[in-house]
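Chains as they are written, first to last, in the working numbering: chain A, 146 to 428; chain Y, 34 to 312.
Structural data, given as structure tokens:
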């Protein structure tokens with residue numbers, strides 16, 4: 146009998162945190178309450194780095210209020226500007242600031258919502274802790290192939306890179322490599338997670354990950370004397386960063402405005418962090 | 034009964050035709066603009082306008098041939114061993130193990146290899162990063178081994194028991210029976226096992242994506258990093274959606290489709306001829 150009581154009690158104990166969690170769910174949907182009486186469609190296109198964040202936000206909103214339809218497409222920053230400028234979509238995403246020409250031609254308004262910063266990463270036991278940009282360029286170009294040439298042990302450098310369509314690679318390549326060459330024999334990994342797994346296992350590896358993905362399994366290399374952290378990326382001392390923008394043509398409609406606000410809300414910030422970016426928060 | 038079977042067959046055939054049609058449809062822009070030629074070249078450097086997928090085609094073919102030729106003799110050996118050369122109990126144990134291996138998802142093989150095989154190749158053979166043609170080949174051959182064993186085994190067991198009795202009566206020992214009687218009678222099984230194993234090796238994505246290193250180059254040594262067609266599709270499609278690189282994915286799909294169908298047809302024809310000659 147007492148076993149029975151214990152079991153019931155255990156089940157109860159298991160249910161209680163569940164109840165708390167679901168009440169938290171209710172709390173978060175307060176942020177969604179702006180969508181309560183609205184209906185209509187929001188179409189989004191542009192930067193691929195934005196897609197996971199947009200998809201998650203869209204899913205939360207459409208689950209909360211099925212009468213709102215949100216479509217998310219990729220295409221890249223250029224497509225984002227073009228489509229929103231021509232009025233084909235409501236929000237055009239870009240991974241770069243708009244040019245003055247684009248702003249005047251289309252009358253676009255930009256809403257930066259996150260920072261994407263890229264850190265060069267090595268194995269935690271690698272004695273090399275700091276590199277200059279020039280050293281990194283030489284390493285990735287395949288000109289420097291031994292760690293001893295950059296102050297490390299006498300061991301070959303194992304290069305890890307990302308595929309060409311990756312946003313992470315784009316920032317790294319433009320801001321740090323200055324669009325310089327990457328050795329053809331570099332291993333290519335499909336995601337930030339796979340990059341971390343590869344580097345954390347290989348003490349001669351070098352690669353790059355989004356700052357949000359850096360943890361104790363990899364060591365972020367100090368670049369030209371600046372340590373890549375969320376703070377240094379935020380205050381601009383670390384330069385291998387870009388902002389992610391949402392852009393609208395003229396002032397956004399109420400529904401689109403609610404969406405922009407949601408992405409910049411604390412719950413939006415959670416989504417942004419989940420994909421390794423740094424949220425900028427409400428301006 | 035018969036009509037339901039023909040409906041099923043018709044549906045499968047229709048599905049394949051649809052896949053081919055869709056792939057062709059998505060490749061149309063490439064064909065129309067004449068850019069298909071840029072896809073069938075040897076350099077993959079999207080930022081410099083090179084979208085060649087030929088290195089990936091070659092590597093897919095090479096890797097699968099290597100993995101199949103590695104796994105094939107082992108599979109035949111295991112089958113003969115389990116069926117004829119050891120006591121029935123031990124043989125059953127081996128076959129049960131093969132059944133179990135066949136049920137393990139690909140990603141598990143790849144994952145385990147990352148933590149066991151890759152460090153081994155990197156630290157003990159001292160050859161590159163461990164993500165290489167060699168690593169992928171070993172894992173792939175392990176992956177296709179159970180498929181080949183089970184298929185060949187099914188054919189071996191179909192052999193007429195009278196044959197074995199006759200061989201026994203003629204004074205052949207078990208090794209002679211296997212070599213001169215059972216393998217020749219099950220030769221079609223050998224071909225089918227090889228085709229299926231090869232097909233699995235070409236079509237597999239996870240193992241090559243996680244283990245081969247994915248550098249879009251022709252390997253100079255077995256320890257170089259390489260990229261297969263399937264891994265190429267997975268890599269590009271996860272991050273892109275519009276560009277020329279994205280369109281190259283459909284061309285890759287079409288190549289894979291034709292590669293598999295051609296080899297299937299070819300080996301099937303050989304198998305039929307051999308089967309005909311034997312009977």
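The beta-carbon is built from N, C-alpha and C at its ideal position, and this holds for glycine as well.
Three-way DSSP call (helix, strand, coil) for residue i in this model
i: residue 453(A); result: Outside the displayed range of chain A (146 to 428) lies residue 453(A), so it cannot be described from this structure.
i: residue 252(Y); result: coil
i: residue 78(Y); result: strand
i: residue 364(Y); result: This structure cannot settle anything about residue 364(Y), because the visible part of chain Y is limited to 34 through 312.
i: residue 366(A); result: coil
i: residue 387(A); result: strand
i: residue 233(Y); result: helix
i: residue 86(Y); result: coil
i: residue 396(A); result: coil
i: residue 127(Y); result: helix
i: residue 244(A); result: coil
i: residue 424(A); result: strand
i: residue 259(Y); result: strand
i: residue 217(A); result: strand
i: residue 288(Y); result: helix
i: residue 371(A); result: strand
i: residue 246(Y); result: strand
i: residue 159(Y); result: coil
i: residue 409(A); result: coil
i: residue 232(A); result: coil
i: residue 191(Y); result: coil
i: residue 359(A); result: coil
i: residue 212(A); result: coil
i: residue 108(Y); result: helix
i: residue 414(A); result: helix
Where residue i falls, given that 16 or more other Cβ within 10 Å makes a residue buried
i: residue 420(A); result: buried
i: residue 180(A); result: buried
i: residue 223(Y); result: buried
i: residue 361(A); result: exposed
i: residue 250(A); result: exposed
i: residue 349(A); result: buried
i: residue 75(Y); result: exposed
i: residue 159(Y); result: exposed
i: residue 36(Y); result: exposed
i: residue 324(A); result: exposed
i: residue 195(A); result: buried
i: residue 308(A); result: buried
i: residue 51(Y); result: exposed
i: residue 203(Y); result: exposed
i: residue 145(Y); result: exposed
i: residue 39(Y); result: exposed
i: residue 189(A); result: buried
i: residue 86(A); result: In this structure chain A extends from 146 to 428, so residue 86(A) is not present and cannot be described.
i: residue 196(Y); result: exposed
Range of the contiguous alpha helix (DSSP H) that encloses residue i
i: residue 204(A); result: 196 to 209
i: residue 139(Y); result: 139 to 156
i: residue 59(Y); result: 35 to 65
i: residue 200(Y); result: 194 to 202
i: residue 378(A); result: 375 to 380
i: residue 205(Y); result: Here residue 205(Y) belongs to no alpha helix (DSSP H), and DSSP marks it neither H nor E.
i: residue 181(A); result: No alpha helix (DSSP H) contains residue 181(A), which DSSP labels as neither H nor E.
i: residue 71(Y); result: 69 to 72
Residue i: contacting residues in chain C (beta-carbon distance under 7 Å)
i: residue 329(A); result: Among the chains of the structure shown, chain C does not appear; the protein chains present are A and Y.
Residue i: first and last residue of the uninterrupted beta strand (DSSP E) it sits in
i: residue 238(A); result: 236 to 239
i: residue 261(A); result: 253 to 267
i: residue 190(A); result: 185 to 191
Handout entry: the segment 245 to 256 of chain Y: positions lying closer than 8 Å to chain A by Cβ
Key = Correct list: 246, 247, 248, 249, 250.
Exercise for the section: May I ask you to list, following chain order, the residues of the segment 292 to 309 of chain A that have a beta carbon less than 7 Å from some beta carbon of chain Y? Expected result: 303, 308, 309
Handout entry: Residues within the segment 331 to 347 of chain A neighbouring chain Y, beta-carbon criterion of under 9 Å
Key = 331, 332, 333, 334, 335, 336, 339, 342, 343, 346, 347
Exercise for the section: Scan the segment 276 to 356 of chain A and note each continuous beta strand (DSSP E) run of 3 residues or more that stays entirely inside, going in chain order. Expected result: 303 to 307, 332 to 334, 350 to 355
Problem - Cβ-based contacts, 8 Å cut-off: residues of the segment 145 to 159 of chain Y near chain A - result: Flagged, chain order: 147, 148, 151, 152, 155.
Handout entry: chain A contacts from the segment 75 to 101 of chain Y (Cβ-Cβ distance under 7 Å)
Key = 79, 80
Problem - Residues from the segment 162 to 173 of chain Y in contact with chain A, defined by Cβ distance under 8 Å - result: Of all residues in the segment 162 to 173 of chain Y, only 162, 163, 164 place a beta-carbon less than 8 Å from a beta-carbon of chain A.
Exercise for the section: Report the residues of the segment 229 to 244 of chain Y with a CB closer than 9 Å to any CB of chain A, ordered along the chain. Expected result: 242, 243
Problem - Cβ-based contacts, 7 Å cut-off: residues of the segment 214 to 227 of chain Y near chain A - result: none
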